[in-house]
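Visitor: What follows is a structure written as structure tokens; I'll ask about it next.
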Amino acid sequence: MTSVRSPSDSPSRHITVVDVYDLAASIGKDFERIIEQFGHDSVIAALETLESLANHNEKENEEILMLKKAVERLENDKQVKQQDRIKFEMELEAVEENYRKEIDDLWSTVKNLQLENKHLSLVFVAQQGG
């Protein structure tokens, strides 16, 4: 049973231009026989194509790395903003609670003053009539 590999799992996805030159040097004798069989121009064209693909692969890998870093930065920014939003909501809730307490205290003071005013008015009326 043969396993199916995705293109991203292929070893060629990780080949560099330096690897291409190293491979060419290590199989030089084999290339001489291939050149005799297929011609110099065909072999050079194949090697140039391989070099071009390796260059393209390196650029794609650099772009992938750059995009991964950008995603990581954006995810971090998102997390920081989420934490800031939660902190803001908690602070806002505390301020609102303080205002509610202050309003309740002021209403209580107003009611006490109204009762005291009513009492003093009754005392004043009683003193005037008495």
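Under full-length UniProt numbering, the sequence shown has 22 at position 22, and the numbering climbs by one with no breaks. We put the beta carbon where it would ideally sit given N, CA and C, even for glycine.
Classify isoleucine 64 as helix, strand or coil using the three-state DSSP reduction.
Guide: Translated into the one-based positions of the sequence shown, residue 64 becomes position 64. It is helical.
Visitor: In terms of alpha-carbon separation, which member of Phe38, Ile44 and Ile35 lies closest to tyrosine 21?
Guide: Position 21 of the sequence shown, counting from 1, holds the residue named residue 21. Nearest option by C-alpha distance: Ile44.
Visitor: Could you spell out the range, first to last residue, of the alpha helix (DSSP H) harbouring glycine 28?
Guide: Residue numbering aside, residue 28 sits at position 28 when the sequence shown is read from its first letter. Element bounds for glycine 28: 28-38.
Visitor: Is there contact here, the segment 43-60 with the segment 23-35, by at least three beta-carbon pairs under 8 Å?
Guide: Yes, since at least three Cβ pairs between the segment 43-60 and the segment 23-35 fall closer than 8 Å, the two stretches touch.
Visitor: Alanine 54: buried (16+ other C-beta within 10 angstroms of its C-beta) or exposed?
Guide: On the sequence shown, residue 54 is found 54 positions in, with the first residue counted as 1. That one is buried.
Visitor: Determine the DSSP secondary structure at threonine 2, reduced to helix, strand or coil.
Guide: Locating residue 2 in the sequence shown gives position 2, where the first residue counts as 1. For threonine 2, the pLDDT reaches just 46, beneath the cut-off of 50, and the residue's location in the model is therefore unreliable, although a value from the coordinates is still provided. Reduced to three states, the DSSP call for threonine 2 is coil.
Visitor: Would the beta-carbon of glutamate 51 fall within 8 Å of that of valine 18?
Guide: For the purposes of this step, residue 51 is identified with residue 51 of the sequence shown, where counting begins at 1. For the purposes of this step, residue 18 is identified with residue 18 of the sequence shown, where counting begins at 1. Taking 8 Å as the Cβ cut-off, glutamate 51 and valine 18 do not qualify as a contacting pair.
Visitor: Using the Cα positions of glutamate 63 and glutamate 72, report the straight-line distance between them to the nearest angstrom.
Guide: Counting from 1 along the sequence shown, the entry for residue 63 is found at position 63. Counting from 1 along the sequence shown, the entry for residue 72 is found at position 72. Glutamate 63 and glutamate 72: Cα-Cα distance of roughly 14 Å.
Visitor: Look at the alpha carbon of leucine 115 and the alpha carbon of glutamate 97, and state the distance between them as a whole number of angstroms.
Guide: Here residue 115 refers to the residue found at position 115 of the sequence shown. Here residue 97 refers to the residue found at position 97 of the sequence shown. Rounded to the nearest angstrom, the two C-alpha atoms are 27 Å apart.
Visitor: Helix, strand or coil for leucine 16? Go by DSSP, reduced to three states.
Guide: Along the sequence shown, one-based indexing puts residue 16 at 16. Inspection of the sequence shows that residue 16 is occupied by threonine rather than by leucine. In the structure shown, threonine 16 sits in coil (DSSP, three-state: anything other than H, G, I, E or B).
Visitor: Please report how far the alpha carbon of glutamine 83 lies from the alpha carbon of asparagine 112, in whole angstroms.
Guide: Locating residue 83 in the sequence shown gives position 83, where the first residue counts as 1. Locating residue 112 in the sequence shown gives position 112, where the first residue counts as 1. Rounded to whole angstroms, glutamine 83 to asparagine 112 spans 43 Å at the Cα level.
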